[in-house]
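Chains as they are written, first to last, in this note's numbering: chain V, 979 to 1126; chain F, 9 to 536; chain P, 14 to 60.
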C-alpha cells in the first residue's frame, strides 16, 4: 500500500551522476597489476565456446594435467599471478626445479656423475625461454643453495 | 591556495623523476633502491623550499609542505588521466596502461613513505601519514566530482585506492602490525566517499568495497570480527543510495546495474559470511525499502553455518522442540536507542509493566507518524518498537516459567500493543507494522519463534477479515519472489494454511483469483 | 518476482569461499587464476 515517493533534489542529482558514471564503468583489470605481457583483451568468442573456466581450474591437480610447454607459458607470461604460482607447483610435481641463481627451470636428465653436500654435477634439461624450448646442459653444476 | 612559489615545478620534477626511477630496471626489489635515491632528492627540495620560504617570513612547516606535495601530485596524476582519456584512441587497454604507468608509481611512493616514515616501532606516524594522504585524495576527488559534474571520471581515484590498499595489505611484518589501522583508514575514507555523497564514484566504490582482498581482510582475516562493524557501515551507505530508487521500483539501466551488483555482493556474503548478515540484519532492514522484497529476503535467509535447519515442509514439524528455538539471536544494533522521544519510551516502559497510562494505546498511532515527506510513518521507530516489545514479551513469558508459544504469548500488555496496532493503524501503517514483525522471521531462534506465534495469533484474533488478508499479503509477497526464502517465513505460512485453527481456506480472499488459489494450493501440496 | 539469483554467475553451491575469486559486482564469472595478483617469490618475476 506504499505509494511512490517523489525523488528529492539530491536523488535527481545522484541519478544524473550515476547515469554519467555508467558510461565509464571500472573494468575488473583496473583492480589488478598491469599485465605487460598478457593484458586482458576481451575477445567475443562464439557462444558455443567454453565461456567460463572448467570447475577446479584453479587447482594444482588441474594444472598438473597441462603440458609442460603450457605450464612454462603460464609461468613466464602470467607473472605475479595465482596462475604462475599454480604452474610453478605443477612443474615441481613434474620434477622440475627452479634455480634462483640462473632464474631458470632445470630437470635432471640422468643420474648425476658427482654429488656433494652443496651441489650435483651432471646433464640437465633446462627451459630456454628465449628460444622457447627444452635444451640439454652438459656437465652442469647444480648448486643446492640456489634451489628455490 | 598560496602554494609557495616554485613548489608546483619542484613537485612536477620530483614526480617525473620518481616515475622514471620506479620503472627503471635498477629500481630494485619493491623499488627500494629507487626510493632511497628519491628521499634524498625530496629532502633537498624541501630544505631548499623551506629555506627560501623562510626569507619571506611566512613560516611553512614541513608537515604542510608534505600536504601540498601530495595534493599537487594527486592533481597531476588525475590531470594526466583526463588527458589520456580525452585522446580519441579507442583502445581502453592503451589508455589504461598510460594512466597506470604513473598512478602505480605514485601509489608505490605513497606506500613506501607510509612504511618508512617514523621508525619501525612508531606506527602512529605511519597511520597519520596514510590518513593524511587518503584524505587528500578524497578531497581532490570530491572537488573534481563537483567541478566536472557529469564529466567526472572515476578511473584515477579507483586505481589509487585499490592499488594502495593491495600494497598496504601485502604479507609484510611491518604492515601486519598496522593492518587494523590501515583497514580503519580505508573504511573511513570510503565512508567519506559514500555513494550518496559522490554518486559519480558509486560503481568504483562498490568495486572497491567488494574487492576480494578488501572483503578477505575485513570479514575473514581480521581477528575477533573487528572489521564487521566497519563493513556493515559501508553496506548501509550503499543501501542508503539505492533506497529511494528501489522504493519506487523504477530502476533505469544504470541503477539496475548497481542493484544487481549489490545482489552479487550480498550473495557472496550470504555464502561466505552468513553470521555477518545475521548480526546486522536489523540494521540493514531498517534502510532497505519495505517493498524491496528479494534483497531483504536474501539478508533474512542467512543462518549460522553450524546450524542445521529442519526442512520446513517436514510433516508435523514441532518447532517448539527445536534446540535452537530458545536461543536469542545476536543483534548488534542499538535499536532501543531509536525509541524516541524519551517521554514516549517512558510511557512504553510503564505501559508494559502496569498497562498505564491507558492513553498510551490511543496515542500510539500518532507517535508513530512521521512528518517526513513521502512517508506517513517513522519506519525506523516502528521497527524498533516491534523488536523491543517482542524481546520484552519473551522475557515476560520466561519470567512466568513458561516458553513462548501461541498459548503463552497472550494475554499480555505486549500483545495489547500489537493488537492495538493491528486494529487501529490504516492500511499503510499496518503494512509497515506487519513488515516489522515479518522481518524477524529468520532461522530457528527465540525471536523467529515469538514473532511467528504473534503473527498467527493476530490472524486468529483479528476482528476484521481485512487484517487477515493483509497478514496473508505480507507473507505472500515474500514467498512469491525468487529464492532465497527465510526459514521462519516458510514455517509460519505453512502453519497458517495447515492448522485448522486459522480456518485459512474459508476466507473469501483465498479464492479471490484463480492464480492466487492455485498458488496457495501448490504451496499446500508441497506441504503435504 | 525479483531475479533468479542463480543466474548471476556465482557458484552458490561451491564448498569454497566465493570472495577469494570474486571478480567484480558487474562480472558474471569468477576470477581466473591469471586474474588474481599473487605474492609469488620475487625470483619468479623474471620479466
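Ideal placement from N, C-alpha and C gives every residue a C-beta, glycine not left out.
In this text, all values refer to a predicted model and were calculated from it rather than measured experimentally.
In terms of CA proximity to residue 267/F, 303/F leads the group 240/F, 303/F, 237/F. Fewer than three Cβ pairs drawn from the stretch 230-238 of chain F and the stretch 1023-1033 of chain V lie within less than 8 Å of each other, which leaves the two stretches out of contact.
Contact annotation: residue 346/F and residue 392/F have beta-carbon atoms nearer than 8 Å. In the three-state reduction of the DSSP assignment, residue 385/F falls in the strand class. Among the bridge pairs identified by DSSP, residue 1119/V is matched with 1099/V. Nearest to residue 455/F by C-alpha distance, out of 494/F, 73/F, 420/F, 395/F, is 395/F. In terms of beta-carbon proximity, residue 983/V lines the interface with chain F, with at least one pair separated by less than 8 Å. The beta-bridge partner set that DSSP reports for residue 1109/V is empty. Chain-ordered, the chain P residues with CB closer than 7 Å to the CB of residue 1030/V read 42. Shortest Cα-Cα distance from residue 119/F to any of 154/F, 411/F, 48/F, 171/F involves 171/F. What residue 208/F touches in chain V, judged by beta-carbon distance under 7 Å, is 995, 998, 999, going in chain order.
Taking 8 Å as the threshold, the shortest C-beta distance from residue 1002/V to chain F falls below it.
Taking one beta carbon from each stretch, the stretch 454-474 of chain F and the stretch 420-437 of chain F have 3 or more pairs nearer than 8 Å; the two touch. Taking a Cβ-Cβ threshold of 9 Å, none of the residues of chain V is close to residue 19/P; the smallest such distance is about 14 Å. Around residue 170/F, the beta-carbon contacts reaching into chain V at under 8 Å are 1008, 1009.
By alpha-carbon distance to residue 50/F, the top candidate from 175/F, 176/F, 361/F, 70/F is 70/F. Contact between residue 1038/V and residue 1064/V is confirmed by a C-beta separation of about 6 Å, below the 8 Å threshold. Membership of residue 26/F in the alpha helix (DSSP H) is indicated by the continuous run 15-31. With the criterion set as a beta carbon lying under 8 Å from some beta carbon of chain P, the members of the stretch 1049-1078 of chain V are 1052, 1053, 1054, 1056, 1057, 1058, 1059, 1060, 1061, 1062, 1063, 1064, 1066, 1076, 1078, in sequence order. In this chain, the alpha helix (DSSP H) harbouring residue 495/F covers 495-506.
Not a single CB atom of chain V sits nearer than 8 Å to the CB of residue 26/P.
At a Cβ-Cβ threshold of 8 Å, residue 340/F and residue 294/F do not count as neighbours.
CA-to-CA, the gap between residue 462/F and residue 480/F works out to about 14 Å. Residues 333, 457, 499 of the same chain have their beta carbon placed closer than 7 Å to that of residue 327/F, with the five preceding and five following residues left out of the count.
For residue 1078/V, the three-state secondary structure derived from DSSP is coil. Residue 48/P carries a helical assignment under DSSP once its states are collapsed to helix, strand and coil. Listed in chain order, the positions of the stretch 195-223 of chain F with a beta carbon within less than 7 Å of a beta carbon of chain P are 214, 215, 218, 220, 223.
Against chain F, the beta carbon of residue 51/P has no neighbour under 9 Å; the closest one sits roughly 11 Å away. Counting only runs of 4+ residues, the alpha helix (DSSP H) found wholly inside the stretch 294-352 of chain F occupies 301-308, in chain order.
Within 7 Å of the CB of residue 1015/V, the CB atoms of chain P belong to 60, in sequence order along the chain. Less than 8 Å separates the beta-carbon of residue 224/F from that of residue 33/P. The DSSP assignment places complete alpha helix (DSSP H) segments of no fewer than 4 residues inside the stretch 88-125 of chain F at 100-124, in order along the chain.
If you draw a 10 Å sphere on the C-beta of residue 986/V, you find fewer than 16 other C-beta atoms in it, and that means exposed. Across the structure, residue 981/V and residue 414/F are spaced so that their CA atoms are roughly 34 Å apart. Under the DSSP assignment, residue 371/F falls in the alpha helix (DSSP H) whose first and last residues are 367-376. Listed in chain order, the non-local C-beta contacts of residue 209/F below 7 Å within the same chain comprise 149, 153, 162, 165, 201, local neighbours out to five positions each way being set aside.
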